[in-house]
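Notes for the one structure printed next.
In our numbering, the protein residues as written are 1 to 176.
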């Protein structure tokens, strides 16, 4: 069974893709999300993923290094390109960990959300995979959107209301 390192932005975005891949692949979840703001939001998402992985006996690598300054250094005054920087940093770190850990491939739950820039994620991941010499497992997980919502509610998961960064929080809650 091939080993996939699955970068996981949150449990609700992970649950449906995981459910569909778990019988075919040996999946290890990776928590690596320095972009999430505020710290309480980061902790809620982290703890929800950790609880789900424990309940389902899923291997989990925790890169629990909350430091919003990394995200801000890469995006302040570049807000129009913030998603590129955020995706790139997390996917590059994921690919590096996958290569060092002898995984067959890496992927990301970012490919689940209808609100993420799907083609940009795919392009960045393929480029990084080529650069580092590790396979990127691509699948358009958006087909599981409704199923993921139902599953996450069934499991009583914390469900966030925005992507995670301070800019997406503003976009979500600030009425202009």
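Note that the Cβ used here is the ideal one computed from N, Cα and C, for glycine as well. Since this is a predicted model, take the numbers as computed values, not measurements.
Can the beta-carbon of residue i be found less than 8 Å from the beta-carbon of residue j?
i	j	result
residue 134	residue 106	yes
residue 28	residue 3	yes
residue 97	residue 61	yes
residue 32	residue 63	yes
residue 7	residue 69	no
residue 5	residue 103	yes
residue 150	residue 94	no
Only counting the same chain, and skipping five residues up and downstream in sequence, which positions put a Cβ closer than 6 Å to that of residue i?
i	result
residue 141	17, 111, 112
residue 117	83
residue 125	91, 136
residue 147	16
List the whole-angstrom C-beta distance separating residue i from residue j, where the pair is believed to meet the contact cut-off of C-beta under 8 Å.
i	j	result
residue 66	residue 84	No, residue 66 and residue 84 are not in contact; Cβ-Cβ is about 22 Å, not under 8 Å.
residue 15	residue 152	5 Å
Excluding sequence positions up to five away, which residues of its chain have a Cβ less than 8 Å from the Cβ of residue i?
i	result
residue 99	132, 133, 134
residue 122	111, 138
residue 45	9, 10, 11, 33, 36, 158, 160, 164
Can you list, in chain order, the residues of its chain with a C-beta nearer than 7 Å to that of residue i? Leave out the 5 residues immediately preceding and following it.
i	result
residue 39	66
residue 144	16, 17, 20, 112
Is it a yes or a no for the region 123-132 touching the region 37-52, going by three-plus beta-carbon pairs under 8 Å?
-> no
Along the chain, which unbroken stretches of the alpha helix (DSSP H) at least 4 residues long are found entirely within the region 26-77?
-> 39-56, 68-75
Which residue spans inside the region 79-131 form an unbroken alpha helix (DSSP H) run of at least 4?
-> 82-100
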